[in-house]
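Residue 66 is where the sequence shown ends in this note's numbering, and the numbering goes up by one at each step.
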Amino acid sequence: MITVMAWIVLIINVLSGILNFICTFKDKTVSDRVTSFASAAINLMASYLAYYVLFI
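If you want it as structure tokens, here you go:
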């Protein structure tokens, strides 16, 4: 059960991180860009945690 949940979290976080990283360059204000980059970084860390749960 944990494995299935980790796969779901990994897929969702990777897709969300990619979208946030793309929005980093498309947003108009600096605060929106910083927020998008921070969200992408948080998604990257959550993806790493899901990867750790799956393969370690």
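We treat Cβ as the ideally placed atom computed from N, Cα and C, and that holds for glycine.
Legend entry - L6 versus R43, A16, Y62, residue with shortest Cα-Cα distance: Residue 6 is absent from the structure shown; the chain starts at 11 and stops at 66.
Legend entry - Sequence-distant residues of the same chain with beta carbon closer than 7 Å to D37, five excluded per side: R43, S46
Legend entry - DSSP state of D42 mapped onto helix, strand, coil: helix
Inset, instruction - Return yes when the Cβ of S57 is within less than 8 Å of the Cβ of N23, no when it is not. - result: With contacts defined as CB atoms closer than 8 Å, N23 and S57 qualify as a contacting pair.
Inset, instruction - Determine the contact status of V14 and A60, defining contact as a CB-CB distance below 8 Å. - result: no
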